[in-house]
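Residue numbers (our numbering), protein chains in the order written: chain A, 5 to 428; chain B, 5 to 428; chain C, 5 to 428; chain D, 5 to 428. All C-beta atoms, glycine included, are put in the ideal place defined by N, C-alpha and C. To keep things clear, I will list the structure first and then write my remarks on it.
There are 4 protein chains.
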Amino acid sequence: MLVDTKHIPAYNLEKAVKNPERGVKIRRKILENNLKKRESLINLPYRNYDYSKVLGACCENVIGYIPVPIGVAGPLLVDDKKYYIPMATTEGCLIASTNRGCRAIEKSGVKSRLISDGMTRAPVVRFPSIVKASDAVTWIKDTDNFAALKLSFDSTSRFAKLQKISTHIAGRYLFIRFVAETGDAMGMNMISKGTECCLHALQRHFPEMEILSLSGNVCTDKKPSAINWLQNRGKSVVCECIISSEVVASVLKTTTKALIDLNISKNMVGSAIAGSIGGFNAHAANIVTAIFIATGQDAAQNISSSNCMTIMEPWGQNGEDLYVSCTMPSIEIGTIGGGTILPAQSACLDMLGVRGPHEDIPGANAKQLARIVCASVVAGEISLMAALASGHLVKSHLKYNRSYSGKSALGLGLSCGSVGSCDR
Amino acid sequence: MLVDTKHIPAYNLEKAVKNPERGVKIRRKILENNLKKRESLINLPYRNYDYSKVLGACCENVIGYIPVPIGVAGPLLVDDKKYYIPMATTEGCLIASTNRGCRAIEKSGVKSRLISDGMTRAPVVRFPSIVKASDAVTWIKDTDNFAALKLSFDSTSRFAKLQKISTHIAGRYLFIRFVAETGDAMGMNMISKGTECCLHALQRHFPEMEILSLSGNVCTDKKPSAINWLQNRGKSVVCECIISSEVVASVLKTTTKALIDLNISKNMVGSAIAGSIGGFNAHAANIVTAIFIATGQDAAQNISSSNCMTIMEPWGQNGEDLYVSCTMPSIEIGTIGGGTILPAQSACLDMLGVRGPHEDIPGANAKQLARIVCASVVAGEISLMAALASGHLVKSHLKYNRSYSGKSALGLGLSCGSVGSCDR
Amino acid sequence: MLVDTKHIPAYNLEKAVKNPERGVKIRRKILENNLKKRESLINLPYRNYDYSKVLGACCENVIGYIPVPIGVAGPLLVDDKKYYIPMATTEGCLIASTNRGCRAIEKSGVKSRLISDGMTRAPVVRFPSIVKASDAVTWIKDTDNFAALKLSFDSTSRFAKLQKISTHIAGRYLFIRFVAETGDAMGMNMISKGTECCLHALQRHFPEMEILSLSGNVCTDKKPSAINWLQNRGKSVVCECIISSEVVASVLKTTTKALIDLNISKNMVGSAIAGSIGGFNAHAANIVTAIFIATGQDAAQNISSSNCMTIMEPWGQNGEDLYVSCTMPSIEIGTIGGGTILPAQSACLDMLGVRGPHEDIPGANAKQLARIVCASVVAGEISLMAALASGHLVKSHLKYNRSYSGKSALGLGLSCGSVGSCDR
Amino acid sequence: MLVDTKHIPAYNLEKAVKNPERGVKIRRKILENNLKKRESLINLPYRNYDYSKVLGACCENVIGYIPVPIGVAGPLLVDDKKYYIPMATTEGCLIASTNRGCRAIEKSGVKSRLISDGMTRAPVVRFPSIVKASDAVTWIKDTDNFAALKLSFDSTSRFAKLQKISTHIAGRYLFIRFVAETGDAMGMNMISKGTECCLHALQRHFPEMEILSLSGNVCTDKKPSAINWLQNRGKSVVCECIISSEVVASVLKTTTKALIDLNISKNMVGSAIAGSIGGFNAHAANIVTAIFIATGQDAAQNISSSNCMTIMEPWGQNGEDLYVSCTMPSIEIGTIGGGTILPAQSACLDMLGVRGPHEDIPGANAKQLARIVCASVVAGEISLMAALASGHLVKSHLKYNRSYSGKSALGLGLSCGSVGSCDR
């Protein structure tokens, strides 16, 4: 009633009523009054949830929560350690398929390497002329000036470490891309703070410089871009594994030759024909997104984070074993901040042994999580590619107009069984 | 125990124990035994959830669910109707900001148009030579042959309607992109079925044709690609709205000029510099992803679905009002199938009046949902752009080394207040 | 003198003095007076050239001509006919290398197929709202309306045949891409005329439509673009050839395995890493540009025309023969109009048997020229790839600090000899 | 006869007969015997040309030369100096139009800045595993190791100066992009030499490293790529100029508002819709190509060299003046080597005062030429954009079915007059 009469702002309900859940309940009531079908919300759960960590941090105008089913794939052997991969998804067969990939990798395991680590933020500024803009480029490139900027930047956080600044000029506009390590945080807030600090320092030297925006899209956050593919963002990780011809046959139900053939025609030629930049894989995004939702990452960051090139090659003496690598240059990920602080999401990080800040080495948890994501993508790629490679062989023997089973495999119309059972 | 001794396959627990929740509970036990920190799962909820709709459809090896906080933005006026937008997210300030955008649009409302509707699937096939491959291209282009293929395709489902086939040749490889309406379903399964049927028909005419894979990445699903940007995928939607200079000042705390200026430098020049294809916007992916998770879409499909170009122009007699449009050519979305069948997700569709299949016009619900997504993106774009445009003005007056508030605005280091309160 | 005193406009000299060469001579005099080094022009030839075909057609403010050295590669066997390929270039070893490629193909020959033929022009128009813009999209998509537009379009030229119109919306902006056959002309002028005619027809139905420009860059002419790669422009051609393992060894000095290996790592993976759209080849542009200059094409159109994907595969029973294909979707080319009318350029078309309009089948000459270009690219690709593949083997045996020969091979620091002699 | 009987290899004719022209003549004879139409070559000139500089350097199997008409545009005021721009082209109206642009710039002049200078070469190498590949990345990033590599690199030429090495990993493949200043040479040969030297040094540390190719397409040479757009290649140049509203009206026959409007809809929105990376301009390639052919550059390098973003903004107190900038990040150009050594081409460099190596500052000539190219592009852009902007206004008043004049304007169907006469 007090809300209706505007005595309490709706967004502040939780504070007003002290008990967050009661606040949520009242907001649902108000919302129901405004909906055509008042009973719509009945199936949207809201009870028994600790809203204290959500409020003021993760969500506003809260009306409950969406339960996203979570399953587990694995164990996945990464650098000689076993991991059970939590995946939150509503896509049937995704976990079963990834799980099959894990089984294929079981013996040899995945090797991972972190190639670089640096979150980015690129403000756009404007000068009165290209002359001034190019002066600024020169100034920024100077080693001493960079050192001064780094001092400013690094002072804004205990974990922020400015690594590099790259400049991109467009007439009198300048995009200044700051690259920094950000400890175990995904780092967008941290780097924004440091960047803003540097901008003010820069403005002292170039008073005519206008700061148009803290983000000028050259960062690039949550949009497809060549720059993240080429110059990385967040963690750049590479993984590889070798699968014996026996396992290819017994677990993946196909041959090394068929897989390599398909990898070239689909993941190389196909993606090239489609005009893809960064999408040289079968379905990295599926695995990335499921782990991101499970572990409280920003799910919208799967756009750059799913950039991946999958390479398959013949291996071993007679070339019948399979070598697979996945290269993922821009995994934006963290183990502190954002959704990682919520209880369930935190539990999933715990499952992987990477919850919160690393005790000894800042950043080590986030880096390890990035490696796990990439290794899981390897498992996912192997399994779907195998399903596709064997698919037509199997299917061509079936009468076509049989009724499809209700179950689908990754949207591909394959029955779930063909991607391997969930059994270990 | 029976699982440990392999008498019951782990993936089949639910069936074996009859009660799905008990199955989940046992699986958690088994998993806990394998984890280093056995207590990891304590905070991962699993009780009081109806697993019957999950099993065999949305998830395997289930161990519970991830609660993603959900809030509401709006009302958002779209084509003269009010909508309350459910957004599931863990990104602080996203809903508050979108809500502010809704308020800015309140008076004039958003107009939407659906430009096209067609899910796609592009298998890769191979011929012995370019001669045969080009014969196939010619054959497919023939009107009568297309009609025959359409007959096959459309027979596979009551809702599937083949619209177009485009061919992309690469040497002796051929990528055949099927485009079809799929009713209220997002449509990947439906179109895969129809595509497979056509492939078999095609194979009868071209027995030398090898089907390498039902998906050759020219579809393109869940990977960045120019083809979806240029030739659409799923729903292609455009929205526009006009905001008076008064509202720009009072609600958005900035000016039309500053917004247009920023839109050019960031969303046009910036994205062009970054080498983006399809990412000419500020943060469409944030809104798309939050609605996708809330309404049970395939969250990994936000990659193409977030393709968006935001255009801002001066409007009105003196050019001080603001015209904004968002163009989104590839929203992959549905109101039946996949995660949409789960109770909470279904409730969110209900909130928007688009749950399940449309009673009279197949596809009308999915189309309407796509329009709502695009309109919500308009709200999100306006608000973030305004926050960025006014940001530096405001911030430059602040002493720099003040302590940052814990709250962030969309990862931009702005305090949440600056993007507008949640109050209506 | 009369020019100096402005009695005769400098650009009209030729007309004023009747004799074009004298006009050119006078212009050179005037120019020399303005140059710091008056003797600069001495080595720029201008005598003994028939300017009558240049004036008012190909060049203005003429001061002479640039002699570009021309050599010949071949014979190149294309679809069982021998061609001698004229190449105008200043890049050392390019012709020698292409010639070696021709020799490698000598026995089996190249097979070519023309997949499609259609020049494009895409004006940008603007409507007062997305509502009107989407109405226009609907109107254009209507079969009857298309027929009416086609009637208008085709009336503007005897050779123009409108094939298709595709629309690309961006808010209230609309890009309308007209695709038409244009006989033996490259066709830009012809299609511009037809397009303009259609725009006026369209404007009668949509009086509020503003025509912003006859070209809105979605054409796309002389700029990199995904649309030409995906939807073709001009001629779309595919070529293939098979080379026996013996020839790979004897002529190309390498192995099938090494070539395929390199093709994947360089032309597939490398170009994908570089963020290329359409550049999945080694040096198609070299061959395209040299033939374009020789045959009077618009050399700036090599940008789209050089789009090419080179695929190499093992062939034959033991997989030791080499299968190569080149796919070139956007060769913008003609045998009439532009520079093709000049005597020397015309002679080169004559060498290939494709000078001027085809006598019986309009367009047949231009199409044949496109096939020859693509076949020549095959020769060029094979030879450079072989040079690169064998390069490191050979070079690693050399002492490094030897003095390099002055001659380079395609800018790769290889000595010219290694790419094969010019000898036949 | 000796050739026919294979006593003298055809490619060696010039040496054998001592007199190069006689060699060319004999080769033409042989060729004529092989052609269907023996008289084809009659109009292809070959006399009175000094072949001594061509042989062994620029062309093989020479049969004469192609005269490309050359005209002059200008004077163009760049950084307060006047230049007459030599343009070799067969495209009608191109020079007239560029000339009009020069006139529009006459008063204010163009300002230019060189942002960076560095030719690139990126070999592809392969390791037995990602572990070794990432070790190599780490090794190369080390400051001391870079210094050692630089020592090797710089020793291979007096002018080569290694600036930077960037690494791009793809599984066990590594693309190592060397960036170096190369004096006044375009630099491909120079950098290839240095790169090869470094590779051998690297191989000593990583004996398991396989050198697959000196070029792995990440360079990227003569192919569209995001990497050259983002990380530059050759010279990166920015130019700007301001044109008063009076000149916009009197010379360009349009308004500042119309130009800015068109620049956004065509060069920004249009190119973004087309999926262009680097093609945010109207026709930079036309100007680049014409100057490249005139000055003996490698014309196939216009692909990256034409990358350009044109920005137009309102200027002056009332915003009615026009501000234009062109940003060209990858101009691959030189004043020594390749075709620059030929007499006519050399004369054109002389016209611009940048022939050969700069006497005092190595590289200064090539840099200056790059600035002139970019400034000329500004002139070209202004003029064509003006023609397009005014086009529809003018044309809509014409009766449509009038006969077109034979003359075209840049393929746009505009009569040549509309782009401004050649008169100064």
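Closer than 9 Å, CB to CB, is residue i near chain A or not?
i                 : result
THR331 of chain D : yes
GLY175 of chain D : yes
GLN235 of chain D : yes
MET313 of chain C : yes
ILE231 of chain D : yes
PHE284 of chain C : yes
ALA151 of chain B : no
Quick check on the DSSP output: the beta strand (DSSP E) that includes residue i runs from which residue to which?
i                 : result
VAL241 of chain D : 238-247
GLU214 of chain D : 214-217
ILE119 of chain D : 114-125
ARG130 of chain B : 128-130
Which word fits residue i, buried or exposed, when buried means at least 16 other C-beta atoms lie within 10 angstroms of its C-beta?
i                 : result
GLY282 of chain D : buried
LEU397 of chain A : Low confidence applies to LEU397 of chain A: its pLDDT is 40, below 50, so where it sits in the model is not reliable enough to give any reading.
ASP188 of chain B : buried
SER407 of chain A : Summary for SER407 of chain A: the model assigns pLDDT 35, below 50, so the residue's position carries little reliability, and this model does not support an answer.
THR235 of chain B : Here the sequence assigns Gln to residue 235 of chain B, which means Thr is not the residue at that position. Under this definition GLN235 of chain B is a buried residue.
ASN37 of chain B  : exposed
Span of the alpha helix (DSSP H) holding residue i?
i                 : result
ARG176 of chain B : From DSSP, ARG176 of chain B is part of no alpha helix (DSSP H); its letter is neither H nor E.
VAL222 of chain B : Careful: VAL222 of chain B lies outside any alpha helix (DSSP H) and carries neither H nor E.
GLN235 of chain C : 230-235
THR102 of chain C : 98-109
LYS19 of chain A  : 17-20
Using a C-beta cutoff of 9 Å, does residue i count as contacting chain C?
i                 : result
GLY279 of chain A : yes
ARG130 of chain D : yes
MET272 of chain A : yes
Identify the residues that DSSP records as bridge partners of residue i: which are they?
i                 : result
GLY74 of chain B  : What sits at residue 74 of chain B in the sequence shown is Ile, not Gly. In the DSSP output, where bridge partners are listed per residue, ILE74 of chain B has A:GLY68 and B:ALA92.
TYR87 of chain A  : A:LEU80
THR186 of chain D : D:ALA164
GLY191 of chain A : According to DSSP, GLY191 of chain A bridges with nothing at all.
ARG31 of chain D  : Paired residues: none, contrary to the question.
LEU59 of chain C  : C:CYS63
Examine chain D for any beta-carbon lying closer than 9 Å to the beta-carbon of residue i, and answer yes or no.
i                 : result
LYS227 of chain A : no
SER275 of chain B : yes
ILE268 of chain B : yes
GLU244 of chain A : yes
Does the beta carbon of residue i come closer than 9 Å to any beta carbon on chain B?
i                 : result
ILE335 of chain C : no
Quiz prompt | Whole alpha helix (DSSP H) elements within the segment 303-361 of chain B, 4-residue minimum | solution = Counting whole runs of 4 or more residues, the segment 303-361 of chain B contains the alpha helix (DSSP H) stretches 306-309 and 347-355.
Quiz item: Which full runs of the beta strand (DSSP E) of 3+ residues lie inside the segment 132-183 of chain C, going along the chain?
Solution: Counting only unbroken stretches of 3 or more residues, the beta strand (DSSP E) elements lying wholly within the segment 132-183 of chain C are 164-174, in sequence order.
Practice problem: Output the residue ranges of the alpha helix (DSSP H) runs that lie fully inside the segment 257-289 of chain A and measure 4 residues or longer, sorted by chain position. | Solution: The qualifying runs are 260-266.
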